[in-house]
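Asker: Can you read through this structure? Questions will come right after.
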Amino acid sequence: MLGPGLIAATAGDDPGGIATYSSVGAKYGYGFLWVMVVVAVSLAVVQEMSARMGAVTGKGFSDLVRERFGIHWTALVMLSLFVANLVLIVSEFAGMGAAAELFGIPRWPAIAVMAVLLWWLVVKGNYARLEFVFLLMTLVFLGYPIAAVLAKPDWLEVGRQLVTPSFQLTGDYLVLFVATVGTTISPYMQLYLQSAVAEKGASAEDVTRERIDAYTGAIFSVGIAATIIIATGATLFVQHIEVNSAEDAAQALAPLAGRFASYLFGVGLFGAAVLAAAILPLTTTYSITEAIGFERGVSRTFSEAPVFVGLYTGLIAFGALVAMIPGIDVIRLLIVSYVVNGVLLPIELVTMVRLVNDRTVMGKHVNGLGRNVLAYGTVGGVSLLSLVYLAITILGLFGIGPGT
Amino acid sequence: MAFLSEIVGKSVVDSAHHKVGVIEDVCVPANQTPFPQVTAIKVGQRWVPWAQFETLEEEPALRVDSASIREHSLRPHEVQLRDEVLDHQVLDIEGRKVRRVNDLALSRTNGHYSLVGVDLSTRALLRRLGLGRVLTKLGLQDTEELIPWKDVDPVRSDAATGVRLKRSREAISRLHPSDLADIVEELTVSEGVNLLTNLDDESAADVLEEVDEERQADLLERMDSERAADILEEMAPDDAADVLAEMDADKASEVMRLMEADEYQEVAELLGYREDTAGGVMTTDYIAVAQDLTAAQTMDYIRTNGRDVDMVYTVHVVEDLEQEKLVGVVTLRELIMADPSAKLSAIMRGDPVKVRLGDHQVDVAKTIAKYNLMSVPVVNDLDQLQGIVTVDDVIDILLPTAWKKRLPKIF
């Protein structure tokens, strides 16, 4: 069975992730590669903390938050998670629509059909079998490393950019920066990872094994992301093509698949979108109902757990309906959804670091000094980023400073 | 009536109206029934005994001045309501489920405050968030969901002290095994193991049999091996075999080694069969008697030996108890109705419906359904009785999707 850490890693490859990384590569070439290195370390640290908490406590994140923090902080965390996940759900359905269009299928009916199908499959309990199929579809993104190599990038330049930080204080740059952080360190994946580890029946003894799983997942995830940036950097950036549609993003796979690039890309995009669209509403619903203390839907029918099933249905319906709105800029929507995640990330991270250092919760498995340095560093960096972004955006509304 | 959430956070002054601190927590003895009395209140970092309090509601004040505070040291049987109960999970005995405590209700009688119950309603949450008035303005009902304290039991994940254990045992023993199984599935593994310590081996086995297999394995793995072996001995051999197959190999071997020899034998034998065949589904707990017994003798036999056998409704008649070659079956009903001196060979149904060890479980299920049986005997190639497949196992086979019509916990 695939470790939860590895499955969590595939989150980076959802439509929002692909859109973000493709745009980054197309617009700034290899300029963001150093960011990926830094973010890889942060992601590994954060995933490890989630997995460790799940193993040691046997509980999910929202359970711990509710039990250790006051009701007001709990409400804030839950609300931010809800909003972050809600926009992501919209983005997954939008991604499905974009993928459908690559095959010539109109967006609107594709999304509607998938929403109903997804709801029905999960609620009727048959999803587990199909999960494997969708997971297979995401393997398409293993095409990116190949495409990256085939595109014959200047490897020397790639190497240089991996270790040379650069930064621009422009609106566009910041948007993509925040989105990159948000899409790599997606809060919902930490929720999922912690719950999955807890659900597995892992205990404090399994911490080392879960740690390795979390690290490999993180490195794999960021690795794929980096190759997407390299692939688009070597193709789109060089040809000065900006990513304004899924079609554009698909072109990065051209070195690999030639004129079949769009189809290949479409398959991967679709699989990743469906996988995420199944996990997200479920994780969100579980977290919210756990925190509030409603009946959980695990073995109950609709009549016995109306709030659970109702919330789940509502999330899917909202996501699908918004994604079906005609004329939306899909790429922009995908990126914005992760900007929202990036901005809200500090709330979740601060909470997580507090919990993982709480002896009542973790016993002797609290963070060591080294981990705390990295953890607090990450929290500090992400918070600073959020504040800078918000400041610039708000000032931008008044026409001050670098535009957005 | 005062709610804990309203009391916590209030400033306390002493008899000289100097501020002493802020109320952090309240403690009660865990085992007082039905409504435990508040013994001490945590002000700042210190526990102040209730006796030194003048008032609690409105403006909390002490009877004495700060210098004369006699600090109360927390005893093992005392529960800290805010730290350990508020926002934590409790077992709702009446509702037979796990719930989260949204608030605690305290009531004043005769100069003492008693813990009356827990509030599980969402209204309590909204009130704590300061949105209580929103509900009133919307005209929504004041649905208080106050469960009396005696009808709930705090969920524990660490080993509870002996004093607390007593109370839990009483509360939990009131629940049906299937309900307890649902509850155990909702808790974490450690909490589940702890809950099971309140039950004797047989009751624990009853509960465990109803828990889904993966969780069964997790729970037994987390338990002390001796206790795990004891519980497995009380379980039906086919269920025990199933969970042992699911468990971590090392732990499973360790536990099996601690089992009593004959129980071990039965389980080991069953583990040898493929999961989805009659052999893999059957149990070795059945009634078999020789064909020359009378009806009365058979009834006596059942009375003496039927204690550990769930399925006594069908008596399997064999040529002799050595070879156990199956020759017929008699239902309990037929046995009761028959002339007590009649021989089994006369009243039995010869050439009974049977299945073979290697038959697929779905075919076994179809056979049971077709002939409207409570159970079907399983024989080997020599027609020797090996075990029986009971109708409850068949339901699990035929309706796996219905069973899994649960929303996946996570995938």
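Here the protein sequences come in this chain order: A and B.
Mapping to the working numbering: the first sequence position 389 is 391, numbers consecutive.
Mapping to the working numbering: the second sequence position 200 is 201, numbers consecutive.
Ideal Cβ positions, reconstructed from N, Cα and C, are used throughout, including at glycine.
Quick check: is the beta carbon of Val190/B nearer than 7 Å to any beta carbon in chain A?
Answerer: yes
Asker: Classify Leu440/B as helix, strand or coil using the three-state DSSP reduction.
Answerer: Since the first residue shown for chain B is 2 and the last is 412, residue 440/B is missing from the structure and cannot be characterised.
Asker: May I ask you to list, following chain order, the residues of the segment 168 to 198 of chain B that have a beta carbon less than 8 Å from some beta carbon of chain A?
Answerer: So the list reads Asp183, Glu186, Glu187, Thr189, Val190, Ser191, Glu192, given in the order they occur along the chain.
Asker: Under 9 Å between beta-carbons, which chain B residues line up against Arg68/A? List them in chain order, please.
Answerer: Asp88, His89, Arg101
Asker: Check the C-beta distance from Ile230/A over to Gly27/A and give it rounded, since I have them as a contact under 8 Å.
Answerer: 7 Å
Asker: Near Thr332/B, what residues of its chain come up, given a Cβ to Cβ distance below 7 Å and the 5 sequence neighbours on each side ignored?
Answerer: Tyr314, Thr315
Asker: Going by CA-CA distance only, name the one from Tyr265/B, Val135/B, Asp213/B, Asp225/B that's closest to Val244/B.
Answerer: Looking only at Tyr265/B, Val135/B, Asp213/B, Asp225/B, the smallest Cα-Cα distance to Val244/B is reached by Asp213/B.
Asker: For Thr162/B, count the other beta carbons within 10 Å of its own beta carbon; 16 or more makes it buried, fewer makes it exposed. Which is it?
Answerer: Here the model assigns Thr162/B a pLDDT of 40, short of 50, so the residue's position is not dependable and the matter cannot be decided.
Asker: Could you check what DSSP says for Gln241/A in three-state terms: helix, strand or coil?
Answerer: Coil at Gln241/A, not helix or strand.
Asker: Note down, in chain order, all residues in the segment 375 to 399 of chain B with a beta-carbon under 9 Å from any beta-carbon belonging to chain A.
Answerer: none
Asker: Please name the residue in Leu130/B, Ala3/B, Ala106/B, Val379/B whose C-alpha comes closest to that of Glu58/B.
Answerer: Ala3/B
Asker: Given this structure, state the Cα-to-Cα distance separating Glu210/B from Asp208/A, to the nearest angstrom.
Answerer: Put simply, the backbone Cα of Glu210/B is about 26 Å away from that of Asp208/A.
Asker: Check the Cβ of His74/A against every Cβ in chain B and list those closer than 8 Å, keeping chain order.
Answerer: Within chain B, the residues near His74/A are Leu130.
Asker: List the whole-angstrom C-beta distance separating Gly60/A from Ser191/B, where the pair is believed to meet the contact cut-off of C-beta under 8 Å.
Answerer: 6 Å
Asker: By DSSP, does Leu200/B sit in helix, in strand, or in coil?
Answerer: Three-state DSSP puts Leu200/B in coil, outside helix and strand.
Asker: Strictly under 7 Å for the Cβ-Cβ distance: is Asp219/B near chain A by that measure?
Answerer: yes
Asker: For Tyr340/A, which three-state DSSP category applies?
Answerer: Helix, per DSSP.
Asker: Between Gly60/A and chain B, is the shortest Cβ-Cβ distance under 7 Å, so that the two count as touching?
Answerer: Yes, Gly60/A lies at the interface with chain B (some Cβ there is under 7 Å from its Cβ).
Asker: Please work out which residues of its chain come closer than 8 Å, Cβ to Cβ, to Arg216/B, disregarding the five sequence neighbours upstream and downstream, and give them in chain order.
Answerer: Val185, Glu186, Val190, Gly193
Asker: Excluding sequence positions up to five away, which residues of its chain have a Cβ less than 7 Å from the Cβ of Met224/B?
Answerer: Val194
Asker: What does a CB cutoff of less than 7 Å around Ala322/A pick up in its chain, not counting 5 residues either side in sequence?
Answerer: Phe95, Ile113, Ala114, Ala117
Asker: Taking the alpha-carbon of Asp309/B as reference, which of Val330/B, Thr285/B, Ala218/B has the nearest alpha-carbon?
Answerer: Thr285/B
Asker: With respect to the alpha helix (DSSP H) encompassing Leu220/B, which residues constitute its N-terminal and C-terminal limits?
Answerer: 214 to 223
Asker: Quick one: what does DSSP say Val310/B is sitting in, helix, strand or coil?
Answerer: coil
Asker: Comparing the C-beta of Ala77/A with each C-beta of chain B, is any distance below 7 Å?
Answerer: yes
Asker: For the alpha helix (DSSP H) containing Ile288/B, list its first residue and its last residue.
Answerer: Unbroken run through Ile288/B is the beta strand (DSSP E), 288 to 291; no alpha helix (DSSP H).
Asker: Just tell me which of Phe272/A, Phe320/A, Tyr146/A, Tyr190/A has its CA closest to the CA of Glu350/A.
Answerer: Residue Tyr190/A is the option with its Cα nearest to Glu350/A.
Asker: At the 7 Å Cβ level, is Gly321/A part of the contact set with chain B, yes or no?
Answerer: For Gly321/A, no CB of chain B lies under 7 Å from its own CB, so it is not counted at the interface with that chain.
Asker: Less than 7 Å between the beta carbons of Leu116/B and Pro37/B, yes or no?
Answerer: Cβ atoms of Leu116/B and Pro37/B: closer than 7 Å.
Asker: Given that a residue counts as buried once 16 or more other Cβ atoms are within 10 Å of its Cβ, and exposed if not, what is Asp394/B?
Answerer: buried
Asker: Contact criterion: CB-CB distance below 7 Å. Does Gly295/A meet it with respect to chain B?
Answerer: yes
Asker: Does DSSP put Arg100/B in a helix, a strand or coil?
Answerer: strand
Asker: Of the residues Arg275/B, Asp26/B, Ile396/B, which one's Cα is nearest the Cα of Ala10/B?
Answerer: The sequence given here has Gly at residue 10/B, not Ala. Distance check between Gly10/B and each of Arg275/B, Asp26/B, Ile396/B places Asp26/B closest, using alpha-carbon atoms only.
Asker: Just to confirm, are Met38/A and Val224/A a CB contact at a threshold of 7 Å?
Answerer: Yes; because the gap between Cβ atoms is below 7 Å, this pair is in contact.
Asker: Quick one: what does DSSP say Val377/B is sitting in, helix, strand or coil?
Answerer: Here Val377/B sits in strand by DSSP.
Asker: Compute the beta-carbon to beta-carbon distance between Thr40/B and Glu79/B, rounded to the nearest angstrom, for a pair I have assumed lies under 8 Å.
Answerer: 6 Å
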